[in-house]
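Asker: Handing you a structure now.
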Amino acid sequence: MKSTNESVSEVPQKAKGRVKIPRQPMPEQDPRRRRTNFEEVPRGYSEEVAMLEASRCIQCKKPGCVQGCPVNINIPAFIKEIAEGRFVQALGKLKEYTALPAVCGRVCPQESQCESRCILGKKGEPVAIGRLERFAADYARQNNGVPENRHASPTGKKIAVVGAGPAGITVAGELVSRGHEVVMYEALHLAGGVLMYGIPQFRLPKEIVQYEINSLKNQGVTIHTDYVIGKSETVDQLLAMGFDAVFIGTGAGLPSFLGIEGENATGVFSANEFLTRANLMRAIDFPRFATSPVQAHRAVTVGGGNVAMDAARTALRMGAESTIVYRRSREEMPARGEEIHHAEEEGVNFHLLTNPVRIVTDENNQVTGVECLQMELGEPDSSGRRRPVPVEGSEFIVPADTVIIAIGNKPNPLVPQTSPEIQTSKWGTILANEETMMTSKPGVFAAGDIVSGAATVISAMGQGKIAAGAIHSYLSK
Ligand SMILES: Cc1cc2nc3c(=O)[nH]c(=O)nc-3n(C[C@H](O)[C@H](O)[C@H](O)COP(=O)(O)OP(=O)(O)OC[C@H]3O[C@@H](n4cnc5c(N)ncnc54)[C@H](O)[C@@H]3O)c2cc1C
Ligand code: SF4
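Residues in the sequence shown are numbered from 549 upward in steps of one, following my numbering.
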């Protein structure tokens, strides 16, 4: 394990010289090869490249990158550790702010957060903060160099955490390290939330998520899987069972649909169902796993976000000719630029400015295509994006045997529905105090997508951290 500065004496030490070093590219699997496998696409930095990239950071006194990070990670501090070859210490700095740096380094939209505020981006390319975060976490995990977890003496207080996604994981980790007893309840058969069932293996290897879950268990967190709160016990019953506080992190897993003719046909999936079958139920490993495979030869995915890219790239890897249908232009796609670029490189077809109006079926109600209308861009709408307007008489059919709807997710309704004292917004999100994440029911806290609506991993973790601090104060009173 590296702990001292041993190499890169070549690196110019003056800030002026350092900014001339180009941003180090990420090695990636070749697109022709990777479209046929589920291995991770970016390969990660080597130690030498990570140190070189880290040496580009000029250690700003007022670092814009920190302000751009939703959890205000001390970015220059962890980068300095890498630049000087102290990789495990770099992870230690990261862990002060984020429970899942190996995950965040892979899936956070750094280009619109920390990296968009990096001073080097003003005249050239920003420091590759996300790649360095991933490097530090991977290095420590692969070299058994993970920093010790904090331990406090038992407080005798007991907390139920409902939902084992990024919000729940953060809360469980924070509370167990403060000496509280934590019991998690997860509806699915594996903990991890979207990190397990949604984001595909080629973007986020599942071993990394399970490593973090095991680390929680090793710290003493009990995790009950296949346990649906609202069907088994309600939140009120958890409190009656002796829990001193309850945290709700049940996410936004309720898919939205288009509401068009033919949407109930065989072969139409929500992206959630499609990705859950592929990832969590291992349909990608058929016949080794007995999950019925999705027999997609021509898959059409509707949507332009990260979820749509994940579904289309998964369908491609399962052997389908894969097409994305999106009603606006490429510039308006909400997916990360990197994900769109990867999808294009791998050969996903894009029908842009195209709006689906009907799912076409045969006499057995099996999908045979998607009828679409060509669109053109009109005036900006309330979101500031130019509104797509249909071109009259432009109907055409995209042939398909599988249609994947990826147009957004809403909050999971079960827990609020079975806990009448917990107030919700008109969108179904749980209302929580921004400073404490406490809901309208005393002792019950909530964070992540169930509060904010479908958002990001880091925002769920940031809110989870606030909730954990507030639960600790609440229990200490
Ligand atoms: C396909 C996909 C790709 C994405 N890509 C990115 C990305 O690249 N970058 C990014 O930052 N964000 C991405 N996101 C969004 C991100 O994953 C979420 O914002 C984040 O996971 C929210 O965390 P959470 O803990 O609030 O909820 P979730 O991750 O949804 O976890 C909630 C958990 O609660 C469980 N649960 C629900 N109801 C109950 C119940 N009644 N009882 C017990 N358990 C219950 C669920 O099974 C789930 O495990 C993506 C989302 C999807 C769907
Ligand atoms: S803004 Fe860029 S150069 Fe400055 S501290 Fe942050 S990462 Fe380093």
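Built from N, CA and C at the ideal position, the CB exists for glycine as well.
All values derive from a computational prediction rather than experimental measurement.
So with Cβ pairs under 7 Å, would you call T814 a contact of chain E?
Answerer: No chain E appears in the structure shown, which is made up of a single protein chain.
Asker: Counting C-beta neighbours from all protein chains within 10 Å, is the total for T552 16 or more, i.e. buried, or is it exposed?
Answerer: Counting from one through the sequence shown, the residue named residue 552 turns up at place 4. Unreliable placement is indicated for T552, whose pLDDT of 35 sits below 50; the coordinate value is still reported in the next sentence. By the neighbour-count rule (16 or more Cβ atoms within 10 Å), T552 is not buried but exposed.
Asker: Using a Cβ-Cβ cutoff of less than 6 Å, which residues in the same chain neighbour K1025 once the five nearest sequence positions on both sides are dropped?
Answerer: Here residue 1025 refers to the residue found at position 477 when the sequence shown is read from its first residue. Setting aside the 5 residues that flank it on each side, K1025 has no residue in the same chain whose C-beta is closer than 6 Å to its C-beta.
Asker: Does the beta carbon of I747 fall short of 6 Å from some heavy atom of ligand 1?
Answerer: Mapped onto the sequence shown, residue 747 falls at position 199. Yes; taking the cut-off as 6 Å, the Cβ of I747 has a heavy atom of ligand 1 nearer than that.
Asker: Which parts of the stretch 608-667 are runs of the alpha helix (DSSP H), unbroken and 4 residues or longer, counting only runs that do not cross its ends?
Answerer: 612-616, 623-631, 635-643 and 649-655
Asker: Have a look at N903, A708 and P882 and flag the residue whose alpha-carbon is nearest the alpha-carbon of P790.
Answerer: For the purposes of this step, residue 790 is identified with residue 242 of the sequence shown, where counting begins at 1. According to the sequence provided, residue 790 is Gly. The question's Pro does not apply to it. Selected option, being the one with the closest Cα: A708.
Asker: Can you give me the C-alpha to C-alpha distance between F817 and T824, rounded to a whole angstrom?
Answerer: Within the sequence shown, numbered from 1, the residue matching residue 817 stands at position 269. Within the sequence shown, numbered from 1, the residue matching residue 824 stands at position 276. Those two C-alpha atoms are separated by around 11 Å.
Asker: So is the beta-carbon of I667 under 6 Å away from any non-hydrogen atom of ligand 2?
Answerer: Position 119 of the sequence shown, counted from the start, is the residue given in the question as residue 667. Yes, the Cβ of I667 comes within 6 Å of a heavy atom of ligand 2.
Asker: Looking at P938: is its Cβ nearer than 7 Å to the Cβ of G917?
Answerer: The residue labelled residue 938 in the question sits at position 390 within the sequence shown. The residue labelled residue 917 in the question sits at position 369 within the sequence shown. It is not a contact, given that the beta carbons lie outside the stated cut-off.
Asker: Three-state secondary structure (DSSP) at P503?
Answerer: The structure shown does not extend to residue 503, since the chain is modelled only from 549 through 1025, so no value can be given for it.
Asker: Between the C-alpha atoms of E869 and R875, what's the straight-line distance to the nearest angstrom?
Answerer: Start at 1 with the first residue of the sequence shown, and residue 869 comes out as number 321. Start at 1 with the first residue of the sequence shown, and residue 875 comes out as number 327. When rounded, the distance between both Cα atoms is 20 Å.
Asker: Just to confirm the assignment, what range does the alpha helix (DSSP H) spanning P928 have?
Answerer: Within the sequence shown, numbered from 1, the residue matching residue 928 stands at position 380. From DSSP, P928 is part of no alpha helix (DSSP H) but of the beta strand (DSSP E) over V915 to P928.
Asker: Run the proximity test for P570: is its beta-carbon closer than 6 Å to any non-hydrogen atom belonging to ligand 1?
Answerer: Stepping through the sequence shown from its first residue, residue 570 is reached at position 22. Every heavy atom of ligand 1 is 6 Å or more from the Cβ of P570, so no.
Asker: Using the Cα positions of E554 and G633, report the straight-line distance between them to the nearest angstrom.
Answerer: The residue labelled residue 554 in the question sits at position 6 within the sequence shown. The residue labelled residue 633 in the question sits at position 85 within the sequence shown. Any reading at E554 is ruled out, since the residue's pLDDT is 33, under 50, leaving its predicted position unreliable.
Asker: Could you compute how far the alpha carbon of L900 sits from the alpha carbon of A638?
Answerer: For the purposes of this step, residue 900 is taken as residue 352 along the sequence shown, with counting starting at 1. For the purposes of this step, residue 638 is taken as residue 90 along the sequence shown, with counting starting at 1. Taking the straight line joining both Cα atoms gives about 42 Å.
Asker: Do the CB positions of V999 and A1016 come within less than 7 Å of each other?
Answerer: Taking the sequence shown and counting its residues from 1, one reaches residue 999 at position 451. Taking the sequence shown and counting its residues from 1, one reaches residue 1016 at position 468. For V999 and A1016, no; Cβs fall outside 7 Å.
Asker: Write down every uninterrupted run of the alpha helix (DSSP H) in the stretch 762-838 whose length is 4 residues or greater and which is fully enclosed by it, in chain order.
Answerer: 783-788 and 819-823
Asker: Is the CB-CB distance between V992 and P714 below 7 Å?
Answerer: For the purposes of this step, residue 992 is identified with residue 444 of the sequence shown, where counting begins at 1. For the purposes of this step, residue 714 is identified with residue 166 of the sequence shown, where counting begins at 1. In this structure, P714 does not lie closer than 7 Å to V992 by Cβ.
Asker: Consider the C-beta atom of V567 and the heavy atoms of ligand 1; say whether any pair is separated by less than 6 Å.
Answerer: Residue mapping note: residue 567 aligns to position 19 of the sequence shown, counting from 1. Checking every heavy atom of ligand 1 against the Cβ of V567, none is found closer than 6 Å.
Asker: Thinking just about the alpha-carbon of each residue, which of A647, E940, Q758 and T782 is nearest to the one in V724?
Answerer: Working through the sequence shown from its first residue, we reach residue 724 at position 176. The residue with the shortest Cα to Cα distance from V724 is A647.
Asker: In its own chain, which residues sit with a C-beta less than 7 Å from the C-beta of P657, not counting the 5 before and 5 after it?
Answerer: Looking up residue 657 in the sequence shown gives position 109. R884 and T1004, listed in sequence order.
Asker: Note down, one range per segment and in chain order, each beta strand (DSSP E) of at least 3 residues found wholly within the stretch 682-712.
Answerer: Runs of the beta strand (DSSP E) inside the stretch 682-712: 706-710.
Asker: Can you tell me whether R665 is buried or exposed? The criterion is at least 16 other CB atoms within 10 Å of its CB, across all chains shown.
Answerer: If you number the sequence shown from 1, residue 665 lands on position 117. By the 10 Å Cβ count, R665 comes out buried.
Asker: Who does V850 pair with in a DSSP beta bridge?
Answerer: The residue given as residue 850 occupies position 302 in the sequence shown. In the DSSP output, where bridge partners are listed per residue, V850 has V873 and I953.
Asker: Can you grab the Cα-Cα spacing for the pair I677 / K974, in whole Å?
Answerer: Against the sequence shown, residue 677 aligns to sequence position 129. Against the sequence shown, residue 974 aligns to sequence position 426. So the alpha carbons of these two residues sit roughly 37 Å apart.
Asker: Heavy atom of ligand 1 less than 6 Å from the Cβ of D858, yes or no?
Answerer: What you label residue 858 is simply residue 310 of the sequence shown in a count that begins at 1. D858 Cβ: within cutoff of ligand 1.
Asker: How big is the Cα-Cα spacing for R566 and G704?
Answerer: Indexing the sequence shown from 1 puts residue 566 at position 18. Indexing the sequence shown from 1 puts residue 704 at position 156. Computed Cα separation, rounded: 52 Å.
Asker: In this structure, does DSSP put M866 in helix, strand or coil?
Answerer: Position 318 of the sequence shown, counted from the first residue, corresponds to residue 866. Note: M866 maps to coil in three-state DSSP.
Asker: Compare the C-alpha of E681 against each of G941, V896, V730 and P624 and name the closest.
Answerer: Start at 1 with the first residue of the sequence shown, and residue 681 comes out as number 133. It is P624 whose Cα lies nearest to the Cα of E681.
Asker: Pull up the CB-CB distance for V915 and A813, whole angstroms please, since I reckon it's below 8 Å.
Answerer: Indexing the sequence shown from 1 puts residue 915 at position 367. Indexing the sequence shown from 1 puts residue 813 at position 265. Right, their Cβ atoms sit about 5 Å apart.
Asker: Taking 8 Å as the cut-off, does the stretch 766-776 touch the stretch 727-736 (at least 3 CB pairs, one atom from each stretch)?
Answerer: yes
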